[in-house]
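One structure is given here, and the rest of the page talks about it.
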Amino acid sequence: MNRIDYPEIDESVYRHQCDNGLDVFIIQKPGYSKKFVTYTTKYGSMDDHFRVDGEAFNVPDGIAHFLEHKMFEKEEGDVFNLFSKHGASANAFTSYDRTSYLFSTTESFEKNLALLMNMVEQPYFTEETVAREVGIINEEIKMYQDNPGYKLYFETLNQMYHNLPVKTDIAGTEESISQITSDHLFLCHRTFYHPSNMVLILVGDFDVDPLIEYIDGHQGERNVDGRPEIERILPEEPKDIVKQRSVLEMDVEETRVMLGFKHHQDSTDASERLRRDLSMMFALDMVFGEQSEYYYELMEKGLIDDSFSFSHIEEAAFSHVLFAANTEETEAFAGEIRRIGDAVKDSGFFTEEKLTVQKREIIGDYLSSLNSPEYIANQYTKYYLDGYDLYRLPEIIDEITINEVEKHFIDVMDSRYMVECILKPHE
Amino acid sequence: MYKVKSSEVNHIPTAIIETDKFKTVTVQLQFRSRMERERVTKRNILSKMMIKRTAAFQKEADLLKHLAHYYGAHLTSNVGRKGQDHIVSFSMEFVNDRFIREELDVIGEMCRLLHDVLETPAHYDDSYQDFFNKEKRLYRNRLKSMKDNRAQASFQAMLDVMFRDEDYKYLPHGVLEDVEGTTLDEIKEEHARMMKDDDVAILVVGAVDESITEDLKKITARSAKVETPHKAYPFRASEDVTRSSDTQQIEQAKLNMGFRADVSDLQEQMAFNVMNQMYGGSASSLLFMNIREKLSLAYQIHSQVDVRNGYMFVMGGVDPGNVETAEQAILAELEVLRKGEFDTTFVEEVKRMMKVNRQEVMDKPKGLLTLEYNRMLQEAHPLSWEERLEAVDREMIMEISRKTALDTVYVLTRSGEDE
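Here the protein sequences come in this chain order: A and B. For the first sequence, position 420 (counting from the first letter as 1) is numbered 420 according to the numbering used here, and the numbering increases by one without interruption. For the second sequence, position 198 (counting from the first letter as 1) is numbered 1198 according to the numbering used here, and the numbering increases by one without interruption.
Rendered as structure tokens:
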């Protein structure tokens, strides 16, 4: 175990690796009653095609999320209930690249930690319980189908990506989940829930040594050996978009539009990707954020309202920028975003002064986020899985230059790779 | 882990919550008035205008740059409901200066800025008309876009039916139909009323001490304390169940059920709270365990309560073909509580969970502020929150659940042509 101190932000982290390969991080929050734990496997909705120790498998869409649901059910009953009995609230979520199980409590910590570890480590599936889960997940899928924002988002991704599973709903489809069997679930659990593919993050006010000893003891008793060699197989993704424009109709009051700028993921270096992500966040804020004159231009023209949003997504397998707004004038909106994107490219728009303001702001946001154990655990996991350290973020922010900001903006905001998706009320 | 110092600053009740576990300091002002239709819409527009432009910062971008300079200080406004009251709050959250490596009087400047925020509407003149028109457009759009959130819109529709001739049907965020006719002069008048007649409180949380009082004095002042009694809506017994429905081209039906309970005092409010947690307010609740997990009738199913006013609401997303079955199953679980067909251990587990949740709330700056503000509003009671929780037993749960009656059922379901 080693301890790393971050005096600038007044934080410290203990890092430990168990003999079976499980990475453990204990993040101290002195004075907090709450203890928050996440147990995460590097296994998400995009991992539907993989090779383990040389053998290749294809599994139905939505299986990582299905597995997440099923892990809460054991022969003795629902584990949710057991957490409640021990004074803890539990939950779980699945994203593109990970599945996290979590709980928070202020009491009976060891009991709840054991419950979490056992729940995640010990699979229990039968054909009957798998069939029953299909009903619940179908309702979850339907709920999202009625959500205009969600529908617009996945349609936009479908216009951008030919093959990458990022375009597929994390929960799968009614058809794909009906194909899931308990054998599939055992296979995915055996493969991806191996300790060497997982990370345990504990945030709170802890007595560290006995805690590490306890986790080591628990992991040691599992007698898990061997480390499966997992190779994720991702389809080749062309640089081009699938379709430039599409229009969906739905029973809604307002017309919405989403624009996507697809950026070919050409970087395998984690730190380079982090710098591009931060640079793009600064650039988009400078150009389209509420401190920019362009934002007020769009507002004055009535093309945007509070619903206007933008984001940059930088993942190991893909990268894109999204803009969304509720507006009747979808064409004018798309035209203005494109025009502004071009206008700033050669106008000396990006300045050191603007970057300094942005950096001060982002440091404040970052520090205030560190009040939250949930934020710390989730973001620490994400950054760790991507190969970074959340607590080193201020140093990296400090290093970002205005040249990087400008370069990445020009590179990513290429209108040849722009898609436009409109969702409007039925005619 | 924290100390609360209660005092008055310029005749305004003030609570300073001293704790060094957070990296930020938050200063919050709570303005409380009666929930009335003619007030809520104006106050929503007003509160948004106030946090965007001030006399010193005539452009929104300039105000934001100023906040960014002070390490991303956050100025926000919010509206809410407590009992019969409408609450408008303004919060300023900023980084604790021990993380700043330069001489910057953050607390002093943020309090000065809050003064500017609170005073500016008194100077609204014709030059603010365009800004006002823009804010009206944004507000209208916000209210309209809520209609595309099926769960939210169907819940609102249920409130409209259940409280058709009661003020509770007005949501704290206002009435769409009232936006158009609102004038800038009315906004200015509403501001004057708010500053003069509202019950105001100042709350602070973070690594501060009493010396912050000097800075707080800069925010606003009153010549005398204004106190408005805080109370709930009177109980109205449910008669026949009112049923209403609507259709849309959707995949999943939204089932909303509204209940009324005759809750007389703080102890009964606590029992109502525990009962709700047992019924549908938690992951170990009867609705979650039986309607979702056992019967697979819904992905989303939960209940929530307005304990002060004695209302309980059940919301679920169910297959359009299962609406009636789900409703019957939901009511059957209430019968379980009424008949006492549950173990005492279940009551104890839920109470334990509520204690844990309350402790967790205290690990958040906003949670501490809310608890402290609630304490300020609460009537005196010989027992503490923990003691009142401890006193809840199975008999109290049975009694309060028998006093809880179904009033309204509203269903948003799939239109016929899609069947």
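Think of the CB as a built atom: it goes at the ideal place given N, C-alpha and C, for glycine as much as any other residue. None of the values given here were measured: they were computed from a predicted structure.
- Scanning its chain for C-beta atoms nearer than 6 Å, with the 5 sequence neighbours on each side dropped, one finds around Val59(A) the residues Asp48, His184, in chain order.
- Annotation for Ala1405(B): the continuous beta strand (DSSP E) segment containing it runs 1404-1414.
- Each residue's CA atom was taken as its position, placing Tyr214(A) and Arg15(A) some 15 Å apart.
- Our two residues, Gly44(A) and Ala1237(B), have alpha carbons roughly 51 Å apart in a direct line.
- In the DSSP assignment, Gln1028(B) falls within the unbroken beta strand (DSSP E) covering 1024-1034.
- In terms of Cβ geometry, Thr191(A) and Ile141(A) do not form a close pair [threshold 9 Å].
- Taking C-alpha positions only, Gly1258(B) is separated from Gly1317(B) by approximately 15 Å.
- Here His1066(B) is actually not in contact with Met1035(B); their C-beta atoms are around 34 Å apart, not less than 8 Å.
- Nearest CB-CB separation between Ile137(A) and chain B: below the 9 Å threshold.
- Per DSSP, the unbroken alpha helix (DSSP H) holding His218(A) starts and ends at 208-221.
- Close to chain B, meaning a Cβ-Cβ distance shorter than 8 Å, are the following residues of the stretch 252-270 of chain A: Val252, Glu253, Glu254.
- With fewer than 16 other CB atoms across the displayed protein chains lying within 10 angstroms of its CB, His1381(B) is exposed.
- Closer than 9 Å to the CB of Val1161(B) there is not a single CB belonging to chain A.
- Taking 9 Å as the cut-off, the beta carbon of Tyr101(A) is found closer than this to the beta carbon of Thr40(A).
- If you compare the alpha carbons of Ser1284(B), Glu1060(B), Ile1301(B) with that of Phe80(A), the shortest gap goes to Ser1284(B).
- For Ser369(A), there is no enclosing beta strand (DSSP E); the residue is found in the alpha helix (DSSP H) stretching over 352-369.
- Taken residue by residue, none of the stretch 399-419 of chain A has a beta-carbon sitting less than 7 Å from a beta-carbon on chain B.
- Within chain A, the residues Leu367, Ser368, Asn371 have their CB atoms less than 8 Å from the CB of Thr1024(B), given in chain order.
- The DSSP-derived three-state label of Ser1284(B) is coil.
- Residue Asn1078(B) holds the alpha-carbon nearest to the alpha-carbon of Thr1041(B) among Leu1029(B), Asn1078(B), Gly1367(B).
- With respect to the C-alpha of Phe310(A), the residue from His189(A), Thr168(A), Val120(A), Met413(A) having the closest C-alpha is Met413(A).
- Using beta-carbon distances, Ser182(A) does not count as an interface residue toward chain B, since no partner is under 9 Å.
- According to the DSSP assignment, Gln17(A) belongs to the beta strand (DSSP E) that extends over 11-17.
- Here the C-alpha atom of Gly1206(B) lies approximately 35 Å from the C-alpha atom of Arg98(A).
- Secondary structure note for Pro1013(B): its beta strand (DSSP E) is the uninterrupted segment 1012-1018.
- For Glu55(A), the enclosing beta strand (DSSP E) begins and ends at 55-58.
- Cβ neighbours of Asp19(A) within its own chain (closer than 8 Å, five residues either side excluded): Asp216, Gln219, Gly220.
- DSSP places Leu1063(B) outside any beta strand (DSSP E); the residue lies instead in the alpha helix (DSSP H), whose first and last residues are 1060-1069.
- With distances taken between CA atoms, Lys1218(B) lies nearest to Asp1116(B) out of Leu1266(B), Asp1167(B), Val1161(B), Asp1116(B).
- Against chain A, a Cβ distance below 7 Å from Ile1250(B) picks out Asp146, Asp251.
- Under the Cβ criterion of 9 Å, His426(A) is counted among the residues facing chain B.
- Taking 9 Å as the cut-off between beta carbons, the residues of the stretch 288-306 of chain A near chain B are Gly289, Glu290, Gln291, Ser292, Glu293, Tyr295, Tyr296, Met299, Glu300, Gly302, Asp305, Asp306, in sequence order.
- For the 9 Å CB-CB criterion, Arg1222(B) and Val1200(B) form a contact.
- CA-CA distance, Glu1333(B) to Met1312(B), rounds to 14 Å.
- For the stretch 93-117 of chain A, the set of residues with a beta-carbon nearer than 7 Å to any beta-carbon of chain B comprises Ser104, Thr105, Thr106, Glu107, in chain order.
- Neighbours of Asn1141(B) across chain A, judged by C-beta separation under 9 Å: Glu254, Asp305, Asp306, Ser307, Asn326.
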